[in-house]
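Chemist: One structure coming up, written as structure tokens, with questions to follow.
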Amino acid sequence: NAGVTQTPKFQVLKTGQSMTLQCAQDMNHNSMYWYRQDPGMGLRLIYYSASEGTTDKGEVPNGYNVSRLNKREFSLRLESAAPSQTSVYFCASSELGQGALYEQYFGPGTRLTVT
Amino acid sequence: AQSVTQLGSHVSVSEGALVLLRCNYSSSVPPYLFWYVQYPNQGLQLLLKYTSAATLVKGINGFEAEFKKSETSFHLTKPSAHMRDAAEYFCAVSLGSGNTGKLIFGQGTTLQVKP
């Protein structure tokens, strides 16, 4: 049981390049999330998917797109990377529940640098 | 709108001393509250959560937190700090209504434990 896995662990991009961050979970969770973590700002939600087939914008969606490929996988795409997207990206998953009281499980993160 | 404020971006304690990490929230509905820990170069791990069952919540690694509605606080404590407790700690509030499970995170508090 691997939990939440993310690939790659590290990535360096040049401005304008594109890339896709991959996330998969093996806990049969309905909901999946993408966050970015920047110093002093905590984690900010980029996009989320409450269930397979649905995606919604979070707090900071500009410059990103997502795909909920199936129940297990949720990818994040940067179409034209910018230095402001240098960050650590975390994927998380949780079970849906009444009142949203289920915890989120986090992957190990992807460290992205855009030069 | 829900928000979370963690007082103090850095807290330093001696090994064996009391740990107190402060978290205040604002929420228009009864909140669900979480504390997560992040060890260096890792993802986030749940320490404990408040889901209205009991105001004093015990978590892993000897941590606990008390929900105080009158003070809108959910401070994290541990009676005796260990070197292994050195990490970054995040308080988070669930958006509650609806079943999306989204979390709003505080800015984080880095705990330093001195020998």
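Protein chains in written order, with this note's numbering: chain Y, 230 to 344; chain A, 69 to 183. For each residue, glycine too, the CB sits at the ideal point set by N, CA and C.
Quick check on Phe158(A): buried or exposed, where buried means 16 or more other Cβ atoms within 10 Å of its Cβ?
Modeler: Label assigned to Phe158(A): buried.
Chemist: Shorter than 8 Å from the beta carbon of Gly328(Y) to some beta carbon of chain A?
Modeler: Unreliable placement is indicated for Gly328(Y), whose pLDDT of 46 sits below 50; the coordinate value is still reported in the next sentence. Cβ-Cβ to chain A under 8 Å: yes for Gly328(Y).
Chemist: Taking only three categories from DSSP, how would you classify Lys146(A)?
Modeler: DSSP places Lys146(A) in strand when its eight states are reduced to three.
Chemist: Which residues does DSSP pair with Arg340(Y) in a beta bridge?
Modeler: Answer is Phe239(Y), Val317(Y), bridged to Arg340(Y).
Chemist: Counting C-beta neighbours from all protein chains within 10 Å, is the total for Ile128(A) 16 or more, i.e. buried, or is it exposed?
Modeler: Classification for Ile128(A): exposed.
Chemist: When the cut-off is 8 Å and only beta carbons count, does Leu250(Y) lie next to chain A?
Modeler: It does not; no Cβ of chain A falls within 8 Å.
Chemist: With burial defined as no fewer than 16 other Cβ atoms inside 10 Å of the residue's Cβ, what is the status of Pro147(A): buried or exposed?
Modeler: Classification of Pro147(A): exposed, given that the 10 Å Cβ count is below 16.
Chemist: Determine whether the beta carbon atoms of Ser354(Y) and Glu302(Y) lie at a separation below 8 Å.
Modeler: A question about residue 354(Y) goes unanswered here, because the residues of chain Y that appear run from 230 up to 344.
Chemist: Does Ser165(A) pass the burial test, meaning 16 or more other C-beta atoms within 10 Å, or should it be called exposed?
Modeler: Unreliable positioning characterises Ser165(A) in this predicted model, as indicated by a pLDDT of 48, which lies under 50. A coordinate reading is not provided.
Chemist: Along the beta strand (DSSP E) that carries Ala253(Y), what are the first and last residues, could you check?
Modeler: That run of the beta strand (DSSP E) goes 248-254.
Chemist: Using the C-alpha atoms, what's the distance from Ser71(A) back to Gly269(Y)?
Modeler: C-alpha separation (whole angstroms): 15 Å.
Chemist: Which whole-angstrom value describes the C-beta separation of Met261(Y) and Gln254(Y), a residue pair presumed to lie in contact below a C-beta threshold of 8 Å?
Modeler: Rounded, the Cβ-Cβ distance is 7 Å, consistent with contact.
Chemist: Does the distance from the CB of Thr339(Y) to the CB of Gln266(Y) come in under 8 Å?
Modeler: The answer is no: Cβ separation not under 8 Å.
Chemist: DSSP state of Gly328(Y), grouped into three classes?
Modeler: Interpretation of Gly328(Y) is limited by its pLDDT of 46, a score under 50 that renders its predicted location unreliable; the figure taken from the coordinates is listed afterwards. In this structure, Gly328(Y) counts as coil in the three-state DSSP scheme.
Chemist: Measure the C-alpha to C-alpha separation of His78(A) and Leu144(A) and round it to an integer number of angstroms.
Modeler: Answer to the nearest angstrom: the Cα atoms are 14 Å apart.
Chemist: Got a sec: is the Cβ-Cβ distance from Gly84(A) to anything in chain C below 8 Å?
Modeler: The structure shown contains no chain C; its protein chains are Y and A.
Chemist: So for Arg152(A), helix, strand or coil by DSSP?
Modeler: Three-state DSSP puts Arg152(A) in a helix.
Chemist: Leu116(A) and Phe131(A) look like a contact to me (Cβ under 8 Å); what is the Cβ gap, rounded to whole Å?
Modeler: Correct: roughly 6 Å between the Cβ atoms.
Chemist: Answer yes or no: does any C-beta atom of chain A fall closer than 8 Å to that of Met337(Y)?
Modeler: Per the sequence shown, the amino acid found at residue 337(Y) is Pro instead of Met. Closer than 8 Å to some Cβ of chain A, the Cβ of Pro337(Y) qualifies, so yes.
Chemist: Give the residues of chain Y in contact with Gln175(A), contact being defined as C-beta atoms less than 8 Å apart.
Modeler: Correct list: Gly269, Met270, Gly271.
Chemist: Taking Cβ positions only, does Gln70(A) come closer than 8 Å to chain Y?
Modeler: Judged by the 8 Å Cβ criterion, Gln70(A) is not in contact with chain Y.
Chemist: In chain order, what residues of the same chain have a beta carbon less than 8 Å from the beta carbon of Lys126(A), not counting five sequence neighbours either side?
Modeler: Correct list, in chain order: Leu116, Glu132.
Chemist: Determine the burial state of Glu332(Y): buried for a count of at least 16 other Cβ atoms within 10 Å of its Cβ, exposed for fewer.
Modeler: Burial call: buried.
Chemist: Using DSSP with H/G/I as helix, E/B as strand and the rest coil, what is Glu139(A)?
Modeler: DSSP places Glu139(A) in helix when its eight states are reduced to three.
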